[in-house]
Every structure is written in C-alpha cells, then in structure tokens.
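Enquirer: Attaching a single structure in structure tokens format; questions to follow.
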Amino acid sequence: MNAPALPLTVSFQSDASLGALLDALRPYGSRQLVISYDGRRTQPGYHVTEVKAGSFLTLNCGGNPDAWQETILQVEDLPASAEKPDHMEVGKFLSILEKVAARVSLQPGSRLTSEVGPPGRPMQIFDVEAIRIEAAGVVVELGPRPAICKPRHRAEQEAKAASACCAPSRGCC
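Mind the numbering: the sequence shown is residues 3 to 175 in my numbering, read in order.
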C-alpha cells in the first residue's frame with residue numbers, strides 16, 4: 003500500500019463546518035496539533051478555553067434575514083510549560099470536543115469559527131482554511147475573516163458566475 007506524500011493539504015473551499023474539520027482530523031489522533039494564525043504558529047502550551055455553540059438570526063444591511071448555526075473555538079496561545087512541553091495531540095483535541103458535545107449541542111454542519119490570541123491581547127477571529135498533514139503533526143491553517151456586506155458580496159459572486167458562463171472564450175479579434 004502506498005502512503006500519500008507529505009505534507010498533504012486538505013482545503014476547505016467554503017466555510018469549514020465543525021463536522022468537516024473533525025472528519026479530516028480523526029485519522030491523525032496521535033500527531034501533534036498546531037494552529038497557524040496571523041503568520042505564526044501556536045505555542046506548545048496553547049489551551050482550548052471555551053467551545054461555544056450558537057444559533058444566529060440576523061437582518062443584513064439589505065434588509066434580508068439570515069440564519070445559521072455556528073461553533074466557536076476559543077484558543078489562548080500560551081508558551082510551553084513543564085506540564086505541557088509539547089503541542090496537544092489531535093486525539094486530545096477531539097476528546098475535548100467530545101466532552102463538550104456530551105453537554106452542549108454541537109451541530110456537525112455548523113459554521114466553524116476560531117477565536118485565537120495570546121494572553122493580554124485582543125482575540126482575533128479566523129476561519130479554517132485548510133489542514134496540512136506533516137510527518138510529525140497536523141497544522142490547522144486559519145485565515146482572517148473579513149467584514150463583508152452580504153448583499154454586495156452575493157451580487158458580485160452572481161455577476162462573476164454569469165460572466166464566466168456567458169463570456170466568449172476568446173476575444174473578438
């Protein structure tokens with residue numbers, strides 16, 4: 003049997019769901035889990051401080067209602083300590099989420115948000131963009147979540163899709 007070449011990257015094309023992330027992580031339970039955010043990697047002592055499950059009902063600037071489920075992972079980026087000299091293993095991260103799921107209704111299809119920051123600094127909000135499987139560990143790649151006007155964003159996406167399907171494949175000359 004041929005093993006895939008490492009590093010192997012699993013990309014999330016749209017908003018990553020909780021279930022998609024957990025499914026991607028499960029085969030790698032014994033590997034260290036590192037989180038990459040804002041141009042840096044979490045320190046070995048990082049701590050999952052809170053897991054939040056939320057239902058959102060909103061009205062956007064165009065007067066359009068929206069609703070979704072979201073799971074928010076809050077992570078404090080801490081240095082290594084005598085008790086935590088290495089990054090936590092994927093299996094421990096999964097067991098933390100299993101313990102939460104036993105007491106809080108976590109929806110596998112919920113949008114996944116990460117709040118990450120070092121002590122004494124404001125948290126930053128991120129989306130999961132990809133996971134990268136390396137020989138010694140798994141890196142969860144986070145990307146910034148920009149503020150967007152949803153009606154404008156949707157109109158731009160629809161215009162892009164329409165021009166892609168209807169535009170000639172060659173210029174006129």
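Beta carbons: idealized from backbone N, C-alpha and C, even for Gly.
No experiment lies behind these values; they were computed from the predicted model shown.
(1) Are the CB atoms of residue 121 and residue 80 nearer to each other than 8 Å?
(2) Here's the rule: buried if 16 or more other CB atoms are within 10 angstroms of the residue's CB, otherwise exposed. What is residue 33?
(3) Taking the CB atoms as reference points, tell me whether residue 105 and residue 72 lie closer together than 8 Å.
(4) Can you name the start and end residues of the alpha helix (DSSP H) that residue 13 belongs to?
(5) Residue 8: buried (16+ other C-beta within 10 angstroms of its C-beta) or exposed?
(6) Leaving out the 5 sequence neighbours to the left and right, which residues in its chain are closer than 8 Å to residue 67 when beta-carbon positions are compared?
(7) Rounded to whole angstroms, what's the CA-CA distance from residue 13 to residue 142? Just pull it up for me.
Expert: Short version:
(1) Position 119 of the sequence shown, counted from the start, is the residue given in the question as residue 121. Position 78 of the sequence shown, counted from the start, is the residue given in the question as residue 80. The answer is yes: Cβ separation under 8 Å.
(2) For the purposes of this step, residue 33 is taken as residue 31 along the sequence shown, with counting starting at 1. That one is buried.
(3) The residue given as residue 105 occupies position 103 in the sequence shown. The residue given as residue 72 occupies position 70 in the sequence shown. No, the Cβ-Cβ distance between residue 105 and residue 72 is not below 8 Å.
(4) The count along the sequence shown starts at 1 and reaches residue 13 at position 11. No alpha helix (DSSP H) holds residue 13; the beta strand (DSSP E) holding it covers 10-13.
(5) Counting from 1 along the sequence shown, the entry for residue 8 is found at position 6. By the neighbour-count rule (16 or more Cβ atoms within 10 Å), residue 8 is not buried but exposed.
(6) Residue mapping note: residue 67 aligns to position 65 of the sequence shown, counting from 1. Excluding five sequence positions before and after residue 67, the CB atoms of its chain that fall closer than 8 Å to its own CB belong to 59, 60 and 61, given in chain order.
(7) Taking the sequence shown and counting its residues from 1, one reaches residue 13 at position 11. Taking the sequence shown and counting its residues from 1, one reaches residue 142 at position 140. Rounded to whole angstroms, the separation of the alpha carbons of residue 142 and residue 13 is 10 Å.
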